[in-house]
Amino acid sequence: MRANGFKTFIVSGGGIAFMRPITEVAYGIPPEQVVGSSVVSEFQVNDGKPVLVRMPKIDFINDKAGKPVGIYQHIGRRSILAFGNSDSDMQMVEYTTAGEGRRLGLFLHHTDEKREFAYDRNSHVGTLDKVLDQAASRGWIIVDMKKDWKTVFPDK
């Protein structure tokens with residue numbers, strides 16, 4: 000997508016302080032294009048040096064209904080394509096596909112326990128349940144990992 004002029008973002012429920020240092024190396028996504036959950040940070044001067052200190056308080060949870068809010072706050076515009084992999088991404092895809100013009104909402108269905116792992120309706124992590132029920136009526140595309148991907152993790 001980037002090769003065709005699209006700006007890509009990672010919108011994760013994970014902590015932004017954890018995600019930002021690894022996304023550029025792992026995916027080529029720079030830190031300013033990562034939206035995630037955060038804790039309150041405070042500016043302080045310690046030993047004459049200005050620093051940001053993480054406080055023991057949650058600032059923002061970028062999950063479920065928080066994802067469209069995080070997109071609005073950090074990116075400032077509605078996405079034209081959103082790709083999720085669990086019910087936690089449903090509101091993000093719903094928000095994306097409700098915009099004007101051509102929009103695309105996709106979900107990855109983890110069905111390949113041999114090359115990655117599998118989960119869906121009854122999983123204790125990464126549940127994909129409501130999405131499977133609503134995808135057809137909402138025009139969302141379900142991408143089946145086992146059937147639709149020739150390669151999951153490329154050999155390096």
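Using numbering that gives the first Met the number 0, the final residue of the sequence shown is 155, and nothing's skipped along the way.
Note that the Cβ used here is the ideal one computed from N, Cα and C, for glycine as well.
Item: Fully enclosed by the segment 72-123, which beta strand (DSSP E) runs are 3 residues long or longer?; Value: 80-83 and 103-108
Item: Contact check, Arg53 vs Val38 under 8 angstroms by CB: the rounded distance?; Value: 5 angstroms
Item: DSSP three-state call for Met54: helix, strand or coil?; Value: strand
Item: Roughly how many angstroms lie between the CA atoms of Val124 and Glu41, to the nearest whole one?; Value: 33 angstroms
Item: Please report how far the alpha carbon of Arg102 lies from the alpha carbon of Lys66, in whole angstroms.; Value: 17 angstroms
Item: Do Thr7 and Met18 come within 8 angstroms of each other at the CB atom, strictly closer than that value?; Value: no
Item: State the beta-bridge partners of Pro20 as determined by DSSP.; Value: DSSP output for Pro20 lists no bridge partner at all.
Item: Taking just the CA atoms, how far does Gly98 sit from Ile79?; Value: 8 angstroms
Item: So Gly104 and Trp148 are supposed to be a Cβ contact under 8 angstroms. How far apart are they, rounded?; Value: Not confirmed; about 18 angstroms, so no contact.
Item: Please classify Gly4: is it buried, with 16 or more other beta-carbons within 10 angstroms of its beta-carbon, or exposed?; Value: exposed
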